[in-house]
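Quick notes on the structure that follows.
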Amino acid sequence: MKFSKNISILLGGFIMKKTNEANRLFQQCIKPNSPGAAAAVLVDGKVVYKNGFGLANMEYDIPNTPSTIFHVASVSKQFTAMCILLLESEGKLNINDDIRKYIPEMPDLGHVITIKHLMHHTSGLRDQWELLFLAGWRSDDVITQEHLLKAIMRQKALNFEPGTKFLYSNTGYTLMAEIVKRVSGKPIAIFAKENIFDPLKMDNTHFHDDNDMIVKNRAYSYKLDLEQGYKKSVLNYSTVGATSLFTTAEDLLKWGYNFKTKEIGGLTVIENMKKMYTLKNGETIDYAGGVTIGDYRGLKTVEHSGADAGFRSALMCFPEQGAAIAVLSNLSTFKPMYYAKKLADIFIDEEEFKCEDSFSFSNYYIEEERYENIKDLEGIYMTEPGITFKIEVEDNEMFILMPGTPKLKLMYKTGNTYIIKDTDMLIKWEIDEKNNIEGFKIVYPHDENFAKKLNKIEISSDMLKKYEGIYYSDELKTFYKIVLEDETLVAKHNRNEDSKLFPYEKNKFTSEEYGNSLSGDITFKVNQDMQVIGFNITTGRVINLWFMKLR
């Protein structure tokens, strides 16, 4: 008995040490009176850690706890995928079916689009949020499923032929939710409750398809304004499938453990959910059924993150270890996947890990002469397809602005290589022999892209005036007016902020202001008489959207 008691004391001390280490991790970045996060960890099917930090509601000083309900954005997608696969297991649909079998009003875009294409982001459909953003919608507008479906049905062309490329598109998961509704006869909120949430006892989880619904114990969304402090970041979605799962860190562990137990779905459905997709060129992508299949320090992972307004979320599962880590936040500057990996380091037995890190940036740490005048590195950079980045220098420190993130600090490493703080990304500048800045490589674990520096070219006022006019998108049912002001083209919209456009190649422009609706590649088209007839815009998840010049 005495021996057993001593073991219990030692074990308790060991767990307490890990708990304290995890608490310090969050306490270092979250103040008690700020928005914050909730986190929970499951190992071998047992909850080994859960805690909350900061405030769920700043107006009433309500703290975040492991049972606080968060909007988890794209972490929702795996539940939509599970609903589809459950219906397939019942013989009610086939993921290789043409989606027009279930949604006949979907326009014929020249190619068959299957449910499988939707699930793996290989459909070529334009992203719903970028379309609405271009049309003047904002996240604080009440956006319903009907609004999205109307926008989707107006699409005139695909980004690419289905099955040939991977390009993340929320549109696919909105359509999947609609298919669940039509095939099952129940809204996905009810179908998921009956077939997933209730059986797993996820009592604080639901698909939030009604923005007016009162949800007790929920977190509210915030952003940080460097001059004014914390401000509300309002989200008014009444749309589901791609987003709008409301859940807790505790409940997500129950779902994460299902990848081990297969209680919901069984072996076949779970394996289908983890099945990656092979493109027509033979390349296999790591995006499966609403989850990314990866590894961390040699262990296989099933994971996804999410971001809407000020909400940030990450769910990282280690099925073979019966482990799951959920980190949910209500502050836009928080990086939950970074902290999920830190929690894995703390709570998963070190002997389980097969390597120090499953990816090393060491190949990019090249001893080379550093480009000293970092002010020259400022500016707009672009990678395909039309994804822009902005580099800013403040007090001799560099920062990067990227899609979907706040401003992030660049930490100098070596040569011309910088780590993006609190992420698993780096950038390495490419400088030619004449000391010209060509651009930078942005490097992620197991992937990299080149972003070209866009240098402004000089165009006379007379030439710029040829681009002035009213431009209309029949697909978006919206207008932009382009005028010349103070030798600069300015694009105006009745709801979006004005965008100053700068030319970087002949007939090619982008927005000087980062993160607005026209951040991307704008290519003007001319006829045989060299008259401007319109422009195509590419913004990452929308490729070559046409605006016709009316006058």
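Quick note on numbering: the sequence shown equals residues 7 to 557 in this note's numbering. Cβ coordinates follow ideal geometry from the N, Cα and C atoms, glycine included.
(message) Out of Ser523, Ala457, Val221 and Ile109, which one is the CA nearest neighbour of Glu436?
(response) Here residue 436 corresponds to residue number 430 of the sequence shown, with the count starting at 1. Comparing Cα-Cα distances from Glu436 to each of Ser523, Ala457, Val221 and Ile109, the minimum goes to Ala457.
(message) By the three-class DSSP mapping on this structure, what secondary structure does His153 have?
(response) Residue numbering aside, residue 153 sits at position 147 when the sequence shown is read from its first letter. Looking at His153 - three-state DSSP - the assignment turns out to be helix.
(request) Tell me, please, which residues DSSP counts as bridged to Lys458. (result) Sequence index remark: in the sequence shown, residue 458 carries index 452 (1-based). According to DSSP, which records beta bridges pairwise, Lys458 is partnered with Met388 and Gly445.
(request) Report, in whole angstroms, the separation of the C-beta atoms of Asp104 and Ile119, which I expect to be a contact under 8 Å. (result) Position 98 of the sequence shown holds residue 104. Position 113 of the sequence shown holds residue 119. So it is a contact: roughly 7 Å between Cβ atoms.
(message) Counting C-beta neighbours from all protein chains within 10 Å, is the total for Gly288 16 or more, i.e. buried, or is it exposed?
(response) Your numbering for residue 288 matches position 282 in the sequence shown. Exposed, because fewer than 16 other Cβ atoms sit within 10 Å of the Cβ of Gly288.
(message) Counting C-beta neighbours from all protein chains within 10 Å, is the total for Asp314 16 or more, i.e. buried, or is it exposed?
(response) Taking the first residue of the sequence shown as position 1, residue 314 is located at position 308. Asp314 comes out buried.
(message) Based on DSSP bridge pairs, tell me the residues matched to Phe265.
(response) Start at 1 with the first residue of the sequence shown, and residue 265 comes out as number 259. DSSP lists no partner for Phe265.
(request) Going by DSSP, name the residue or residues bridged to Tyr345. (result) Position 339 of the sequence shown, counted from the start, is the residue given in the question as residue 345. For Tyr345, which the question treats as bridged, DSSP gives no partner whatsoever.
(request) Tell me whether Ser467 is buried or exposed, calling it buried when 16 or more other Cβ atoms sit within 10 Å of its Cβ. (result) Stepping through the sequence shown from its first residue, residue 467 is reached at position 461. Exposed.
(request) State the Cα-Cα distance for the pair Arg561 and Tyr477, rounded to the nearest angstrom. (result) Nothing can be reported for residue 561: it is not among the residues displayed for the chain, which extend from 7 to 557.
(message) Tell me which residue opens and which closes the beta strand (DSSP E) that Lys471 is part of.
(response) Within the sequence shown, numbered from 1, the residue matching residue 471 stands at position 465. Lys471 -> not in any beta strand (DSSP E); alpha helix (DSSP H) instead, spanning Ser467 to Lys471.
(message) Comparing C-alpha positions only, which one of Phe59, Glu136, His310 and Ile36 sits nearest to Ser523?
(response) If you number the sequence shown from 1, residue 523 lands on position 517. Measuring from the Cα of Ser523, the nearest candidate turns out to be Glu136.
(request) Could you tell me the distance, in whole angstroms, from the CA atom of Ile539 to the CA atom of Met554? (result) Position 533 of the sequence shown holds residue 539. Position 548 of the sequence shown holds residue 554. Cα to Cα, Ile539 sits roughly 6 Å from Met554.
(message) Using 8 Å as the threshold, is the C-beta distance between Leu407 and Gly521 below it?
(response) The residue you call residue 407 lines up with position 401 of the sequence shown. The residue you call residue 521 lines up with position 515 of the sequence shown. Contact flag set, yes.
(message) Among the candidates Tyr228, Lys462, Lys286 and Met88, whose CA atom is the shortest distance from the CA of Thr494?
(response) Here residue 494 refers to the residue found at position 488 of the sequence shown. Of the listed residues, the one whose Cα sits closest to Thr494 is Lys462.
(message) Checking 8 Å against the spacing of the C-beta atoms, do Pro41 and Met22 come in under that value?
(response) The count along the sequence shown starts at 1 and reaches residue 41 at position 35. The count along the sequence shown starts at 1 and reaches residue 22 at position 16. Against a cut-off of 8 Å, the Cβ pair of Met22 and Pro41 comes out as no contact.
(message) Counting C-beta neighbours from all protein chains within 10 Å, is the total for Asp257 16 or more, i.e. buried, or is it exposed?
(response) To locate residue 257, count along the sequence shown from 1; it is residue 251. Per the 10 Å Cβ criterion, buried.
(message) Is the beta carbon of Thr339 closer than 8 Å to that of Met322?
(response) For this step, residue 322 is matched to residue 316 along the sequence shown. For this step, residue 339 is matched to residue 333 along the sequence shown. Taking 8 Å as the Cβ cut-off, Met322 and Thr339 do not qualify as a contacting pair.
(message) Bridge partners for Glu309 per DSSP, in chain order?
(response) Translated into the one-based positions of the sequence shown, residue 309 becomes position 303. Per DSSP, Thr298 and Met322.
(message) With distance defined between alpha-carbon atoms, name the residue in His123, Phe359, Tyr55 and Ser227 nearest to Leu259.
(response) Locating residue 259 in the sequence shown gives position 253, counting from the first residue. Looking at the Cα atoms, Tyr55 is the closest of the given residues.
(message) Distance check for Leu337 and Phe203, CA to CA, integer angstroms please.
(response) Translated into the one-based positions of the sequence shown, residue 203 becomes position 197. Translated into the one-based positions of the sequence shown, residue 337 becomes position 331. Approximately 26 Å, taken between the alpha carbons.
(message) Quick check on the burial criterion: 16 or more other C-beta atoms within 10 angstroms. Buried or exposed for Val548?
(response) As a position in the sequence shown, residue 548 is number 542, starting the count at 1. Counting Cβ neighbours within 10 Å, Val548 comes out buried, since at least 16 surround it.
(request) For Lys207, name the three-state secondary structure that DSSP assigns. (result) Looking up residue 207 in the sequence shown gives position 201. Looking at Lys207 - three-state DSSP - the assignment turns out to be coil, as it is neither helix nor strand.
(request) Kindly say whether Met208, judged by its beta-carbon, lies nearer than 8 Å to any beta-carbon of chain D. (result) Absence of chain D from the displayed structure is noted, only one protein chain being present.
(message) Short of 8 Å in beta carbon distance, which residues of its chain neighbour Gly475, apart from the five on each side in sequence? Order them along the chain.
(response) To locate residue 475, count along the sequence shown from 1; it is residue 469. Once the five neighbours on either side are set aside, the close Cβ partners of Gly475 are Lys487, Ile488, Val538, Lys555, Leu556 and Arg557.
(request) Tell me Phe553's beta-bridge partners as DSSP assigns them. (result) Here residue 553 refers to the residue found at position 547 of the sequence shown. DSSP lists Phe541 as partners of Phe553.
(request) Below 8 Å CB to CB, which residues in the same chain sit around Pro205 once its five sequence neighbours on both sides are set aside? (result) Within the sequence shown, residue 205 is the residue found at index 199, counting from 1. Glu269 and Ile270.
(message) Please identify the residue among Lys471, Asn502 and Phe353 whose C-alpha is closest to the C-alpha of Asn26.
(response) One-based indexing of the sequence shown puts residue 26 at position 20. When only C-alpha atoms are compared, the closest one is Phe353.
(message) Along the chain, where does the beta strand (DSSP E) containing Leu251 start, and where does it finish?
(response) One-based indexing of the sequence shown puts residue 251 at position 245. Counting along the chain, the beta strand (DSSP E) containing Leu251 begins and ends at Leu251 to Thr253.
(request) Apply the 10 Å Cβ neighbour rule to Val186 and answer buried if 16 or more other Cβ atoms are within range, or exposed otherwise. (result) Residue numbering aside, residue 186 sits at position 180 when the sequence shown is read from its first letter. That one is buried.
(request) Give the straight-line distance between the Cα atoms of Thr150 and Gly296, rounded to the nearest whole angstrom. (result) Along the sequence shown, read from residue 1 onward, the residue named residue 150 stands at position 144. Along the sequence shown, read from residue 1 onward, the residue named residue 296 stands at position 290. Approximately 21 Å, taken between the alpha carbons.
(request) Mind reading off the beta-carbon distance from Gly58 to Met125? Whole number of angstroms is fine, and I expect it under 8 Å. (result) Residue 58 sits at position 52 when you count from the first residue of the sequence shown. Residue 125 sits at position 119 when you count from the first residue of the sequence shown. Not confirmed; about 33 Å, so no contact.
(message) Along the chain, where does the alpha helix (DSSP H) containing Val49 start, and where does it finish?
(response) Here the question's residue 49 lines up with position 43 in the sequence shown. Here Val49 belongs to no alpha helix (DSSP H); instead the beta strand (DSSP E) covers Ala43 to Val49.
(message) Using only the alpha-carbon positions, how far apart do Phe317 and Asp535 sit?
(response) As a working note, residue 317 is residue 311 in the sequence shown. As a working note, residue 535 is residue 529 in the sequence shown. Their Cα atoms are separated by approximately 50 Å.
(message) What does the alpha-carbon distance come out to for the pair Ala183 and Asn176?
(response) To locate residue 183, count along the sequence shown from 1; it is residue 177. To locate residue 176, count along the sequence shown from 1; it is residue 170. For the pair Ala183 and Asn176, the Cα-to-Cα distance works out to about 11 Å.
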